[in-house]
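See below for the structure under consideration.
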Amino acid sequence: MAYDRELAERIRGAISGVEGVQEKAMFGGLAFLVDGHMAIAAGGKGHLMARVDPADGMDLVERPGVHLMEMGGRSMTGWLHVDQSAVDTETALSEWVDRGVTYVRTLPPKAAAKKPMGRKPRA
Numbered sequence: 001m002a003y004d005r006e007l008a009e010r011i012r013g014a015i016s017g018v019e020g021v022q023e024k025a026m027f028g029g030l031a032f033l034v035d036g037h038m039a040i041a042a043g044g045k046g047h048l049m050a051r052v053d054p055a056d057g058m059d060l061v062e063r064p065g066v067h068l069m070e071m072g073g074r075s076m077t078g079w080l081h082v083d084q085s086a087v088d089t090e091t092a093l094s095e096w097v098d099r100g101v102t103y104v105r106t107l108p109p110k111a112a113a114k115k116p117m118g119r120k121p122r123a
């Protein structure tokens, strides 16, 4: 499924000014990484995936339209699926973007990925 381009533009606006941001296609969406860590991602139909402090995850799912992210049949407390209804205002969206950025800033920066070396031709 393609990501919601309007939501991606809204996220770009909310995350502008943050240093170390990169965009990357991931999980069928458009992820916004900070220092190599995914902070937030635009998904399809206006929903987003937010990276949060795992200690806060269970409290946050008490909010309407917020669910634990599931991947491979496993719930992930530090990753939340946030419905479009929960990010319908710029204030609400900014809160999720800020939460994601704030959490990933506590993580050590990821080292740049090494490019795989090509096979050496046989002599």
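Quick note: the sequence shown uses our numbering, first residue 1, plus one each step.
Think of the CB as a built atom: it goes at the ideal place given N, C-alpha and C, for glycine as much as any other residue.
This one's a predicted model, so the numbers in the text were calculated from it and none came from an experiment.
Point to revise | Contacting residues, own chain, Cβ-Cβ under 8 Å from valine 52 (five flanking each side not counted) | key: Translated into positions along the sequence shown, residue 52 becomes position 52. Answer for valine 52: Leu60, Gly78, Trp79, Leu80, Arg99, Gly100 and Tyr103, listed in chain order.
**Study point:** 6 Å CB neighbourhood of aspartate 83 in its chain, flanking five on each side removed
**Key:** Sequence index remark: in the sequence shown, residue 83 carries index 83 (1-based). Hits under 6 Å: His47 and Gly65.
Exercise for review: Pull up the distance between the alpha-carbon of lysine 110 and that of glutamate 19, whole angstroms please.
Suggested key: If you number the sequence shown from 1, residue 110 lands on position 110. If you number the sequence shown from 1, residue 19 lands on position 19. Distance between the alpha carbons of lysine 110 and glutamate 19 is about 15 Å.
Check your understanding: Near serine 75, which residues of its chain fall below 6 Å by C-beta distance, leaving aside the five closest residues on each side in sequence?
Key -> Counting from 1 along the sequence shown, the entry for residue 75 is found at position 75. Result list for serine 75: Leu68, in chain order.
Review point. Using the C-alpha atoms, what's the distance from phenylalanine 27 back to alanine 2?
Key: In the sequence shown, residue 2 corresponds to position 2, counting from 1. In the sequence shown, residue 27 corresponds to position 27, counting from 1. Their Cα atoms are separated by approximately 10 Å.
**Study point:** For isoleucine 40 and tryptophan 96, the rounded distance between their alpha carbons
**Key:** If you number the sequence shown from 1, residue 96 lands on position 96. If you number the sequence shown from 1, residue 40 lands on position 40. About 8 Å.
Exercise for review: Identify the continuous alpha helix (DSSP H) that holds arginine 12 and give its terminal residues.
Suggested key: As a first step, residue 12 must be located in the sequence shown, where it is residue number 12. Judged by DSSP secondary structure, arginine 12 falls within the alpha helix (DSSP H) whose first and last residues are 5-15.
Point to revise | Residue of Asp56, Thr89, Ser85 and Arg5 minimising C-alpha distance to alanine 25 | key: Residue numbering aside, residue 25 sits at position 25 when the sequence shown is read from its first letter. Checked all of Asp56, Thr89, Ser85 and Arg5; the closest Cα to alanine 25 is Arg5.
Review point. Since alanine 42 contacts leucine 7 with CB under 8 Å, what's their CB separation in whole angstroms?
Key: For this step, residue 42 is matched to residue 42 along the sequence shown. For this step, residue 7 is matched to residue 7 along the sequence shown. With a Cβ gap of about 4 Å, alanine 42 and leucine 7 count as contacting.
Check your understanding: Which residue spans inside the segment 34-121 form an unbroken beta strand (DSSP E) run of at least 3?
Key -> 37-42, 48-51, 66-71 and 74-82
Point to revise | Unbroken beta strand (DSSP E) run spanning alanine 25, endpoints | key: Along the sequence shown, read from residue 1 onward, the residue named residue 25 stands at position 25. Counting along the chain, the beta strand (DSSP E) containing alanine 25 begins and ends at 21-26.
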